[in-house]
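Note that the working numbering gives residue 71 to position 71 of the sequence shown, counting from 1, and the numbers run on in steps of one.
Here the structure is laid out as structure tokens; the discussion comes afterwards.
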Amino acid sequence: MTEHLTPGSRVRGTAAHSSPPDKSACPKPDPQISPAPGTQAVRRVLGDTGYRRLDDLCLQRGTALGALALLVRDTAREADRLHGKLRRHATRARDCLNNALNPPSGPAFAPVTGLLTSTGHTTDLHAARFAQQMNQLALALESYQAVVRHPEA
């Protein structure tokens, strides 16, 4: 039996798509989770008017201010993505601890070592990366605000 290969790809279904992905297929944010911290920080610092202006400036391709606005927006989105990843790993660590405290097979079969193995380490790494990204966002926002306040400089 011969497997169908797409042009430019050795694995079925991994060739580059010619059209952009459907926006309706994107996962919607969980309504029980507050807005992601990167976007929330930008909105808090710039206010609603400043946030709308940032979006408008992102459309100005080829300008220094447009590039800086795009940097702020992309940095905030990356912080949001990392925050989601951190939440997933923290949830997994919590579930591991819950299973240790309330083992499904009874207390005699509770694990005594390796409760968090790679889960704890991975969660620490994601927490550090998220903190680094939020610091980078603060620096990008500071630079953006300085340029917006004094555009002639």
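Glycine included, each C-beta is placed from N, C-alpha and C at the ideal position.
- The three-state reading of DSSP puts LEU59 in coil, since its state is none of H, G, I, E or B.
- In terms of CA proximity to ARG88, HIS126 leads the group HIS126, ASP74 and ALA146.
- In the structure shown, SER105 adopts coil according to DSSP, grouped into three states.
- Take the alpha-carbon of VAL72 and the one of ASN102: they are about 44 Å apart.
- Straight-line measurement puts the Cα of ALA131 at about 11 Å from the Cα of GLU78.
- The straight-line gap separating the alpha-carbon atoms of GLY38 and LYS85 is approximately 13 Å.
- The beta carbon of LEU141 sits closer than 8 Å to the beta carbons of ALA41, VAL42, VAL45, LEU46 and VAL72 from its chain, once the five residues preceding and following it are set aside; these are given in chain order.
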